[in-house]
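K.L.:
Mind looking over this structure? Questions follow.
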Amino acid sequence: MAARPGAASLLSAAERGRTGGRSRGGGSGETKPAGRRLRGRCGAVPGLWGKMKRRTEPEFGSPQKKQKKVEDLGSTLSSTSDDEAQLSNHTTQESSSSSSGSESESDEKRLVFNNEFKQDSLVEGTSSRYSMYNSVSQKLMAKMGFREGEGLGKYGQGRKDIVEASNQKGRRGFGLTLKGFDGELNIDWQDEPEPSAYEEVDWCLECTTEIPDAQELKEWMTVGKRKMVIEDETEFCNEELLHNVLRCKSVFDELDGEEMRRARTRSNPYEMIRGVFFLNRAAMKMANMDHVFDYMFTNPKDFQGRPLIKERDAELLYFADVCAGPGGFSEYVLWRKKWHAKGFGMTLKGPNDFKLEDFYSASSELFEPYYGEGGIDGDGDITRPENITAFRNFVLDNTDHKGVHFLMADGGFSVEGQENLQEILSKQLMLCQFLMALSIVRTGGHFVCKTFDLFTPFSVGLVYLLYCCFERVCIFKPVTSRPANSERYVVCKGLKLGIDDVREYLFMVNIRLNQLRNSDVDVNLVVPLNVIKDDQDFCDYIVQSNENHCKIQIKALAKIRAFVQDTTLIEPRQAEIRKECLQLWGIPDQARVAPSSSDPKSKFFELIQGTDIDAFSYKPTPLNSSTLEKIRQVFDYRCMVSGSEQKFLLGLGKSQIYTWDGRQSDRWTKLDLKTELPRDTLLSVEIVHELKGEGKAQRKISAIHILDVLVLNGNDVRKQHFNQRIQLAEKFVKAVSKPSRPDMNPIRVKEVYRLEEMEKIFVRLEMKVIKGSGGMPRLSYTGRDDRHFVPTGLYIVRTVNEPWTMAYSKNFKRKFFFNKMTNESTFDLPFESIAPFHVCYYGRLFWEWGDGVKVHDSQKRVLGRG
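For the sequence shown, full-length UniProt numbering gives the first residue as 1, with consecutive numbering after it.
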């Protein structure tokens with residue numbers, strides 16, 4: 001610090017030497033260097049400037065030169081507040097030194113400028129035009145002779161104004177100004193609530209009016225002039241809010257799409273959630289809503305809060321997904337429920353079809369697309385009445401005529417250039433999705449459907465009909481739905497009885513919409529406005545929902561606009577919010593990776609988890625007079641009719657299916673059948689040639705008959721009771737069956753009989769003419785589906801583990817379990833009595849129906865003829 005005054009005196013003397021030449025004005029040798037010095041700072045050759053400097057500056061000794069260089073460097077590099085104070089002292093001392101020398105006009109101007117610059121910029125701060133620049137920049141400009149209001153150069157010929165920062169945005173043409181981005185929106189987006197993973201649900205009050213009947217409904221539909229404006233739809237929204245939303249949307253009409261997307265990505269605090277390991281973002285929207293609504297979709301409950309579907313039960317969770325390609329909603333549900341769910345889907349054929357091959361996190365084999373009329377060959381257009389009817393019939397036929405537990409609908413299409421009219425353009429699509437819900441959802445089931453703006457009486461009327469037909473209705477926008485768009489979801493809980501008239505009414509309205517499609521008239525109302533207005537609770541709910549959504553959307557649009565204008569703005573909590581949401585919703589934070597392929601042998605060892613491989617080579621014990629004595633208690637056994645040799649079948653996903661006969665010397669071989677199984681599935685099966693019909697019209701097809709199950713889609717069930725395993729096998733087959741694909745080989749579960757009821761088997765045996773058998777009738781067994789096959793024998797399986805057995809109590813007239821070692825008896829199933837897979841497999845008996853064995857009366861007559 002003590003060195004500063006000395007440095008200031010030296011610099012002041014040097015300054016007087018330079019300016020003094022100019023004040024004398026003539027042709028002395030010191031005039032030119034002073035002028036060249038300004039040009040040198042503006043780009044003169046450094047070497048030349050060095051020579052001139054040595055001519056004008058006073059001579060210093062070596063120590064003085066070093067000291068001066070150090071102090072000049074320190075003065076130039078200094079930018080702290082302390083150094084700025086030193087600079088003020090420096091300037092004061094320089095002025096004082098100068099006053100003792102020549103008092104030329106030029107010297108006065110330079111000193112006055114320096115003082116003025118420093119005082120304005122460093123003392124007054126914001127009062128100067130240049131206060132936004134740091135002290136280093138100001139010092140450099142001062143040394144180059146900068147005067148406020150004048151340009152640099154000998155004659156002040158440089159530009160006087162600061163070079164403006166570029167306003168060029170993205171890939172726009174130079175000079176292009178976007179309308180809407182010049183003025184101010186006068187919307188404060190910075191007071192938005194703090195982002196949070198927790199959301200609240202606002203249900204509409206329960207509808208207390210009766211469901212309208214056919215007589216009332218037929219008077220409701222109103223047809224009038226087609227309306228293609230939204231600005232005057234103020235029945236269910238404040239006019240100012242509506243116009244503000246439309247104005248904010250219009251701001252982005254001419255903005256480059258990529259520029260808009262980048263700003264939207266940076267401005268949305270929930271943007272980083274994305275799709276995680278699912279197919280797309282839609283899957284995470286469903287995960288979001290499923291959690292917020294207490295998993296009422298993937299774990300529906302009854303009115304007492306008890307789960308309707310249990311994994312150990314025989315019933316599947318049935319769901320449908322319409323207008324939902326590529327299938328993100330379904331992928332989430334199947335990931336959550338595994339093979340305990342079965343999905344049906346209909347969407348438009350084409351580029352937006354279901355992408356089942358991209359279901360990396362779930363088994364797409366559990367999902368069956370059906371495209372309406374024509375089945376798998378249909379077009380999937382939900383606005384066609386014949387497609388709605390065909391899909392409804394298909395779903396009911398495959399859900400025991402009950403319908404699905406819930407329906408998801410996510411329909412939408414591009415409205416580029418007409419964003420403000422999205423609600424009007426999507427009216428028929430929304431109606432058809434609502435109609436599908438009333439067509440295939442079972443009583444008590446649920447419905448979730450994407451909607452857009454709900455300003456028009458037509459849209460509100462459709463929601464009103466749902467309000468009448470379901471126990472509760474909610475309009476909800478999840479945090480995974482971007483806040484700046486019009487997207488929201490109508491969530492309906494508990495379908496009521498007696499909604500058939502409403503369904504028929506909407507079906508009729510859809511037909512009318514198709515008839516008027518290319519005309520100037522349209523269906524403008526499905527519910528009279530006065531009917532909606534008379535229900536004050538519903539009307540208030542819609543208005544409040546619309547206005548709350550408008551306020552959020554306006555702020556979000558204004559925020560994106562600000563982020564477009566300032567590309568340095570970011571949302572700092574995106575990563576944190578993502579982590580919170582995934583944790584709350586129970587979604588692992590994992591990357592999306594395609595399932596790895598593995599060879600069947602390695603996968604088999606992975607699934608059996610260290611079990612001795614020799615156990616799989618056991619063959620059944622032939623039933624004869626000596627082995628018959630093993631059957632002490634018939635209640636311990638179950639039996640199944642055999643049609644071929646037993647094999648193990650391993651599913652690695654899709655058609656990657658392999659078989660193995662259990663011998664270590666043999667390899668897994670690719671199954672030459674057209675069928676699909678979820679990955680990580682291991683079964684004990686037979687490949688049976690089934691027959692249908694007789695004579696020349698007889699058709700043969702190879703089918704997979706399941707004898708027992710070991711692993712189902714990664715779920716090891718070997719330790720469960722044989723009866724439970726068979727029940728799970730039945731459930732599994734329902735989930736993977738494809739009734740719409742007659743070209744695929746079927747999968748069935750063997751019919752299991754109690755040994756004490758063996759006579760039921762013989763009722764199913766009859767003599768039939770088999771094609772290729774020379775016209776001779778052969779013994780055939782007919783299954784539940786009216787297909788028959790040639791039986792080869794009977795499997796007899798012990799399902800009770802030693803030392804337990806089952807007996808019958810004459811007093812209580814029911815079966816009970818008895819322990820032969822401890823003499824313990826109980827009516828409840830003891831865990832120790834459950835025979836796991838390896839016990840059942842090892843202890844099998846096989847009654848072969850070969851030559852000489854007569855199990856049907858007609859066999860004697862046929863053999864006698866021979």
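Using N, Cα and C, we set each Cβ at its ideal position, and we do this for glycine too.
Do the CB positions of F391 and M346 come within less than 7 angstroms of each other?
P.N.:
Contact flag set, yes.
K.L.:
Return helix, strand or coil for W203, following the three-state DSSP convention.
P.N.:
Reduced to three states, the DSSP call for W203 is strand.
K.L.:
Which ranges does the beta strand (DSSP E) cover as unbroken runs of at least 3 residues, wholly within the stretch 699-767, from first to last along the chain?
P.N.:
Here the runs fully enclosed are 699-712, 747-749.
K.L.:
List in chain order: all unbroken alpha helix (DSSP H) runs of 4+ residues lying wholly within the stretch 315-398.
P.N.:
The qualifying runs are 328-337, 385-397.
K.L.:
Given this structure, state the Cα-to-Cα distance separating Q515 from V736, to the nearest angstrom.
P.N.:
Taking the straight line joining both Cα atoms gives about 39 angstroms.
K.L.:
Y371: which of P385, D358, S625 sits nearest, CA to CA?
P.N.:
Among P385, D358, S625, the Cα nearest to that of Y371 belongs to P385.
K.L.:
With a CB to CB cut of under 6 angstroms and the five nearest residues on each side skipped, what residues in its chain are close to L584?
P.N.:
Excluding residues within five positions, the ones whose Cβ falls inside 6 angstroms are A197.
K.L.:
Within 10 angstroms of the Cβ of E487, are there 16 or more other Cβ atoms? Answer buried if so, exposed if not.
P.N.:
Flag for E487 reads buried.
K.L.:
Taking the beta strand (DSSP E) that Q646 belongs to, which residues open and close that run?
P.N.:
Run containing Q646: 646-651, per the beta strand (DSSP E) assignment.
K.L.:
Name the DSSP beta bridge partners of I475, please?
P.N.:
Its beta-bridge partners are V490.
K.L.:
If the criterion is Cβ atoms closer than 7 angstroms, does the pair L794 and V641 meet it?
P.N.:
Yes. Within cutoff.
K.L.:
Output needed for A575: all residues of its chain with C-beta closer than 8 angstroms, excluding positions within five of it in sequence on either side, in chain order.
P.N.:
For A575, where only same-chain residues beyond five positions count, the Cβ hits under 8 angstroms are M272.
K.L.:
How many Å lie between V333 and N510 at the Cα?
P.N.:
One C-alpha to the other measures close to 30 angstroms.
K.L.:
If you draw a straight line from the C-alpha of A214 to the C-alpha of H446, how long is it?
P.N.:
Cα to Cα, the separation comes out at about 23 angstroms.
K.L.:
Tell me the residue span of the alpha helix (DSSP H) that contains D534.
P.N.:
Its alpha helix (DSSP H) spans residues 529-534.
K.L.:
Whose C-alpha, out of P195, R147, K160, is nearest the C-alpha of C581?
P.N.:
When each option's Cα is compared against that of C581, the closest is P195.
K.L.:
Could you check which residue in W339, D672, L707 has the C-alpha nearest to that of I701?
P.N.:
Minimum Cα distance to I701 is reached at D672.
K.L.:
For L628, count neighbouring C-beta atoms within 10 Å of its own C-beta (all shown protein chains included) and say buried if the count is 16 or more, exposed if not.
P.N.:
It is exposed - the Cβ of L628 has fewer than 16 other Cβ atoms within 10 Å.
K.L.:
From V853 to L779, what distance separates their C-alpha atoms?
P.N.:
Taking the straight line joining both Cα atoms gives about 11 angstroms.
K.L.:
Output needed for E206: all residues of its chain with C-beta closer than 7 angstroms, excluding positions within five of it in sequence on either side, in chain order.
P.N.:
Only E471, R472 meet the Cβ criterion.
K.L.:
Can you tell me where the alpha helix (DSSP H) with G257 in it begins and where it stops?
P.N.:
Segment 257-267, the alpha helix (DSSP H) holding G257.
K.L.:
Grab me the residues of S81's own chain with a C-beta within less than 8 angstroms of its C-beta, minus the 5 sequence neighbours each way, in chain order.
P.N.:
Note that S81 scores 40 on pLDDT, short of 50, meaning its location in the model is unreliable and no value can be drawn from it.
K.L.:
Check whether the Cβ atoms of L366 and W339 lie closer than 7 angstroms to each other.
P.N.:
Yes.
K.L.:
Nearest CA to the CA of V634: which residue from S773, R741, P746, Y808?
P.N.:
Minimum Cα distance to V634 is reached at Y808.
K.L.:
By the DSSP assignment, the beta strand (DSSP E) with K450 in it spans what residues?
P.N.:
Element bounds for K450: 441-451.
K.L.:
For S481, tell me which candidate among K450, R503, M508 has the shortest Cα-Cα distance.
P.N.:
It is K450 whose Cα lies nearest to the Cα of S481.
K.L.:
Under 7 angstroms between the Cβ atoms of D353 and G378?
P.N.:
In this structure, G378 does not lie closer than 7 angstroms to D353 by Cβ.
K.L.:
Of all the options R844, Y637, R264, F648, which has the alpha carbon lying nearest to the alpha carbon of R754?
P.N.:
Comparing Cα-Cα distances from R754 to each of R844, Y637, R264, F648, the minimum goes to Y637.
K.L.:
Taking all protein chains shown into account, decide if E219 is buried (16 or more other Cβ within 10 angstroms of its Cβ) or exposed.
P.N.:
Answer is exposed; the Cβ neighbour count stays below 16.
K.L.:
Any heavy atom of the ligand COA closer than 6 angstroms to the CB of F406?
P.N.:
Of the ligands one can find in the structure shown there are none, so the ligand COA has no counterpart to examine.
K.L.:
Please identify the residue among C248, C432, V855 whose C-alpha is closest to the C-alpha of V322.
P.N.:
That would be C432, whose Cα lies nearest to the Cα of V322.
K.L.:
Buried or exposed: which applies to R578, given that a residue is buried once 16 or more other Cβ atoms fall within 10 Å of its Cβ?
P.N.:
Buried is the call here.
K.L.:
By the 10 Å Cβ neighbour count, where 16 or more other Cβ atoms means buried, how is A362 classified, buried or exposed?
P.N.:
By the 10 Å Cβ count, A362 comes out buried.
K.L.:
In angstroms with no decimal places, state the Cα-to-Cα distance between I796 and F818.
P.N.:
Distance between the alpha carbons of I796 and F818: 21 angstroms.
K.L.:
Using the beta-carbon count (16 or more within 10 Å), is Y155 buried or exposed?
P.N.:
Counting Cβ neighbours within 10 Å, Y155 comes out exposed, since fewer than 16 surround it.
K.L.:
Note down, in chain order, each residue of its chain lying with its Cβ closer than 6 angstroms to the Cβ of D857, except the 5 sequence neighbours on either side.
P.N.:
Once the five neighbours on either side are set aside, D857 has no close Cβ partner at all.
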